[in-house]
Amino acid sequence: MAQYILTHLTPNPYLITVLLLLGCLVYKFNNESQVYEKFEYVRGGVFQRKEVHEIVHDGYHTISKRTKRPFVVNWWAKRYIIMPTHYLADLKTADWGHLSFFTNISDALFLHTTVGDLYTSHKSERMVDIVKRDINPRLPQLAPIMKQEVDSALEKTLGEFTGWKEVNTMALLSRVAHQTATRVLIGEELCNNESFIKLTTSFLESIFVTALIIVKLPLGPFRGFLASPLSLVHKWKLYRCKKILLPIVKRRIAERKGHKGNPADVLDGIEWTLARVPEGSLVDTPETITTELLHALWAGSSAPGGMMTEVIYQMLLGEEYQETMRTEAIEAFQKFGWGEKMINVLHCQDSFIREVNRLYPTGAITCSRTVVNRPFKFSDGLVLPVGARLGFPIKASQSDADNFKDPDKFDGFRFLQQGTAEGGTVENKRVWSAASMDINNLAWGYGNHICPGRFFAVREIKMVLTKLLLKYDIKWQNKNRVRPPPIHVEGQFIPNMKQTIFLKRRESVAVIDMI
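Here it is as structure tokens:
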């Protein structure tokens with residue numbers, strides 16, 4: 006019996022070799038793969054010794070700037086065409102489903118292994134519509150709700166203390182961002198449920214970690230096949246989150262059918278999602294809706310926490326920024342109180358946030374797209390076939406002297422001055438705002454797939470920063486005044502996760518008891 010097993014079940018090296026060769030041949034002559042051969046491939050040296058952001062920087066300056074042509078890099082274990090920024094204009098005119106961000110991110114992070122067609126079906130458009138048509142118009146109404154969750158998250162994380170309290174910056178601000186997003190995108194039933202908050206935090210982190218495991222292992226042509234078993238732990242985390250959320254979704258569906266209550270009075274993602282589900286839909290089950298809500302939560306909570314962290318780090322590097330923004334916050338609060346009007350006059354904060362995103366974006370590549378359904382023709386005649394992947398070099402272009410004066414110097418009020426220089430009108434200030442879409446402000450993407458949640462995110466950052474500035478003195482132990490180094494992972498920039506800050510309640514501020 007043992008001999009039979011050894012003879013028949015031991016992998017045949019010849020068979021494995023043949024399969025590998027066949028896989029390579031299929032890839033070589035695949036129409037999609039041939040397009041990458043048209044452009045120069047920028048490598049990171051032997052065994053990819055350079056980081057992705059360094060490779061993109063090299064390609065931008067040695068190829069795109071010199072020849073105006075795209076180049077190719079390896080990103081998320083796939084080849085990507087990195088486009089010169091003059092091609093950005095075509096993203097504005099491309100159909101939603103023709104150059105697809107959702108198809109791209111689903112493939113890059115292997116999301117289809119756990120959520121099926123969530124990112125390639127009508128559900129992806131619904132997730133965007135909920136932000137664009139339900140959240141954004143209601144931002145003034147949501148302001149007091151968001152403030153309540155910011156207060157709650159800070160109180161739970163900090164507790165009661167006197168004197169200076171040391172806290173982990175990333176952990177504190179990620180919790181605030183996650184709880185606030187949970188209230189808006191899920192609802193008040195679970196935003197203060199510690200078990201749900203912890204489970205969803207672990208689930209959201211595992212999306213990125215699982216993708217990294219899949220792309221970093223030397224799986225070659227078997228990567229796609231092995232992605233599903235490698236995603237089992239992540240799938241289990243998704244199941245545990247759904248187990249808590251699903252009964253609430255089912256109850257809300259039943260209440261809508263029974264016409265109990267007024268859905269218009271409910272301000273949360275569950276209600277907005279159910280309102281957009283076609284009546285009698287057979288594909289939108291309670292289970293799929295629950296999965297959709299959890300992935301909307303991922304989109305709404307991950308980026309703001311990191312951005313807040315980078316803003317705090319940069320503010321502490323320059324004491325003059327902290328005092329200027331504190332003075333602005335006190336004046337705005339005393340004049341308007343908490344709300345939309347206060348947020349809208351925080352121009353120094355707005356410029357500061359945009360400058361942080363310019364010099365310290367969340368990644369080296371943005372506006373990633375996949376050509377879907379039919380070839381895409383750019384305005385200069387360049388044609389990319391179906392399946393081709395592309396992106397734009399955000400870090401390199403936003404640090405280019407042709408685009409910005411003193412590009413490597415952080416100037417927190419750069420865009421405040423820019424708006425004033427052009428007349429300081431409401432329109433000009435909007436052009437230079439942190440949430441604006443501009444070829445030199447790619448933090449939120451560009452074109453039809455620009456992040457619809459950017460207005461929510463900027464307001465949340467301002468709200469948290471204002472709360473901290475009004476209520477606490479803030480400092481850190483950083484005598485050398487060196488920016489805490491981020492973690493570089495697959496072209497992404499993750500804020501330093503070890504850096505701590507010290508907070509002390511401000512006794513001298515007259516408005517402290519009102520906030």
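All residue numbers for the sequence shown refer to my numbering, where the first residue is 6 and numbers rise by one.
Cβ coordinates follow ideal geometry from the N, Cα and C atoms, glycine included.
Keep in mind the model is a prediction, meaning the values are calculated, not measured.
Is it buried or exposed, L195, if we count other Cβ atoms within 10 angstroms and call 16 or more buried?
Taking the first residue of the sequence shown as 1, we reach residue 195 at position 190. Label assigned to L195: buried.
Minimum C-alpha distance to A401 - residue among M468, E324, N141 and T90
Sequence index remark: in the sequence shown, residue 401 carries index 396 (1-based). Measuring from the Cα of A401, the nearest candidate turns out to be T90.
What did DSSP end up calling I479 once you bin it into helix, strand or coil?
Within the sequence shown, the letter at position 474 stands for residue 479. Note: I479 maps to strand in three-state DSSP.
What does the alpha-carbon distance come out to for the pair Y32 and V388?
Numbered from its first residue, the sequence shown carries residue 32 at position 27. Numbered from its first residue, the sequence shown carries residue 388 at position 383. For Y32, the predicted model reports a pLDDT of 47, less than 50, meaning its position is unreliable; a value from the coordinates is still stated below. Looking at the two C-alpha atoms, the distance is approximately 20 Å.
Beta-carbon contacts of M88 that lie in its chain and below 6 Å, excluding the five residues immediately before and after:
Stepping through the sequence shown from its first residue, residue 88 is reached at position 83. Same-chain partners within the cutoff: P75, L395 and F397.
Beta strand (DSSP E) segment containing S402, residue limits:
Start at 1 with the first residue of the sequence shown, and residue 402 comes out as number 397. Premise fails: S402 lies in the alpha helix (DSSP H), I399 to S402, not in any beta strand (DSSP E).
Could you pull the DSSP bridge partners for V494 from this structure?
On the sequence shown, position 489 is the one that residue 494 refers to. Answer is Q497.
Measure the alpha-carbon distance for T118 versus H300 and round it to whole angstroms.
For this step, residue 118 is matched to residue 113 along the sequence shown. For this step, residue 300 is matched to residue 295 along the sequence shown. Cα to Cα, the separation comes out at about 14 Å.
Go through its chain and collect everything with a Cβ distance to K83's Cβ below 8 Å, but skip five positions before and after it.
Along the sequence shown, read from residue 1 onward, the residue named residue 83 stands at position 78. D112, A113 and R394.
From I455 to L204, what does the alpha carbon distance come to, in whole angstroms?
Here residue 455 refers to the residue found at position 450 of the sequence shown. Here residue 204 refers to the residue found at position 199 of the sequence shown. About 29 Å.
For V220, I'd like the list of residues in its chain whose CB is within less than 6 Å of its CB, leaving aside the five on either flank, ordered along the chain.
To locate residue 220, count along the sequence shown from 1; it is residue 215. So the qualifying residues of the chain are W81 and A82.
Leaving out the 5 sequence neighbours to the left and right, which residues in its chain are closer than 8 Å to D289 when beta-carbon positions are compared?
Indexing the sequence shown from 1 puts residue 289 at position 284. The beta carbon of D289 lies closer than 8 Å to those of K128, V282 and P283 in the same chain, with the five residues before and after it left out.
Around the C-beta of H239, are 16 or more other C-beta atoms found within 10 angstroms, so that it is buried, or is it exposed?
Locating residue 239 in the sequence shown gives position 234, counting from the first residue. Per the 10 Å Cβ criterion, buried.
Just checking my contact of A99 with G452 at CB under 8 Å: how many whole Å lie between their CB atoms?
As a position in the sequence shown, residue 99 is number 94, starting the count at 1. As a position in the sequence shown, residue 452 is number 447, starting the count at 1. Their Cβ separation, rounded to whole angstroms, is 7 Å, which keeps A99 and G452 in contact under 8 Å.
Per DSSP, which one or two residues make a beta bridge with Y46?
Here residue 46 refers to the residue found at position 41 when the sequence shown is read from its first residue. BP columns for Y46 point to V77.
DSSP on Y32, reduced to helix/strand/coil?
Position 27 of the sequence shown, counted from the first residue, corresponds to residue 32. Residue placement at Y32 cannot be trusted, given a pLDDT of 47 that sits under 50; what the coordinates show is reported in the next sentence. Note: Y32 maps to helix in three-state DSSP.
For E276, report the span of its alpha helix (DSSP H) as first-last.
Against the sequence shown, residue 276 aligns to sequence position 271. For E276, the enclosing alpha helix (DSSP H) stretches over residues G274 to A280.
Using a 10 Å radius around the Cβ and a threshold of 16 neighbouring Cβ atoms, would you call P500 buried or exposed?
Within the sequence shown, the letter at position 495 stands for residue 500. Counting Cβ neighbours within 10 Å, P500 comes out buried, since at least 16 surround it.
Does the distance from the CB of L474 to the CB of M330 come in under 8 Å?
As a first step, residue 474 is located in the sequence shown; it is residue number 469 there, counting from the start. As a first step, residue 330 is located in the sequence shown; it is residue number 325 there, counting from the start. Note that the C-beta distance between L474 and M330 is below 8 Å.
Among residues of its own chain, excluding the 5 on either side of T375, which ones have a beta-carbon nearer than 6 Å to its beta-carbon?
As a first step, residue 375 is located in the sequence shown; it is residue number 370 there, counting from the start. Closer than 6 Å at Cβ, skipping near neighbours: S105, T108, N109 and R394.
Residue environment, T67, which counts as buried when at least 16 other CB atoms sit within 10 Å
Stepping through the sequence shown from its first residue, residue 67 is reached at position 62. With fewer than 16 Cβ atoms within 10 Å of its Cβ, T67 is classed as exposed.
Kindly list the residues whose CB is nearer than 7 Å to the CB of A337, restricted to its own chain and excluding five residues on each side of it in sequence; keep chain order.
Within the sequence shown, numbered from 1, the residue matching residue 337 stands at position 332. Around A337, the same chain offers M347, V350 and L351 as residues with beta carbons nearer than 7 Å, after the five sequence neighbours per side are excluded.
CA-to-CA distance, E360 to T430, given in whole angstroms
Mapped onto the sequence shown, residue 430 falls at position 425. Mapped onto the sequence shown, residue 360 falls at position 355. The pLDDT assigned to T430 is 44, lower than 50, so where the model puts this residue is not dependable; a value taken from the coordinates is nonetheless given after this. A straight line joining the alpha-carbon of T430 with that of E360 spans about 20 Å.
Starting from the N-terminal side, write out each stretch of the beta strand (DSSP E) that is 3 residues or longer and does not extend beyond the segment 154 to 183.
DSSP assignment within the segment 154 to 183 yields the following whole beta strand (DSSP E) runs of 3 residues or more, N-terminal first: 170 to 173.
Let me confirm a value: S306 is counted as buried when at least 16 other C-beta atoms fall within 10 Å, else exposed. Which label applies?
Walking along the sequence shown from the start, residue 306 turns up at place 301. With 16 or more Cβ atoms within 10 Å of its Cβ, S306 is classed as buried.
When we look at the beta-carbon of F34 and count the other beta-carbons within 10 Å, is it buried (16 or more) or exposed?
Residue 34 sits at position 29 when you count from the first residue of the sequence shown. With a pLDDT of 46 at F34, under the threshold of 50, the modelled position of that residue is not reliable, and the figure given next carries that caveat. Exposed, because fewer than 16 other Cβ atoms sit within 10 Å of the Cβ of F34.
What whole-angstrom Cβ distance do A304 and G458 have, given they're in contact under 8 Å?
Counted from its first residue, the sequence shown places residue 304 at position 299. Counted from its first residue, the sequence shown places residue 458 at position 453. With 8 Å as the limit, A304 and G458 qualify as a contact, their Cβ atoms being about 7 Å apart.
Can you have a look at V487 and say buried or exposed, based on whether 16 or more other CB atoms are within 10 angstroms of its CB?
Sequence index remark: in the sequence shown, residue 487 carries index 482 (1-based). Around the C-beta of V487, fewer than 16 other C-beta atoms lie within 10 Å, and the residue is accordingly described as exposed.
State the start and end residues of the unbroken beta strand (DSSP E) segment that holds C372.
What you label residue 372 is simply residue 367 of the sequence shown in a count that begins at 1. For C372, the enclosing beta strand (DSSP E) has its first and last residue at T371 to V376.
State yes or no: is the C-beta of F461 within less than 8 Å of the C-beta of L144?
Position 456 of the sequence shown, counted from the start, is the residue given in the question as residue 461. Position 139 of the sequence shown, counted from the start, is the residue given in the question as residue 144. The beta carbons of F461 and L144 sit closer together than 8 Å.
Who does G396 pair with in a DSSP beta bridge?
As a first step, residue 396 must be located in the sequence shown, where it is residue number 391. Beta-bridge pairing links G396 to I87.
Alpha-carbon to alpha-carbon, Y92 and A308:
The residue you call residue 308 lines up with position 303 of the sequence shown. The residue you call residue 92 lines up with position 87 of the sequence shown. Using only the alpha carbons, I get a separation of about 26 Å.
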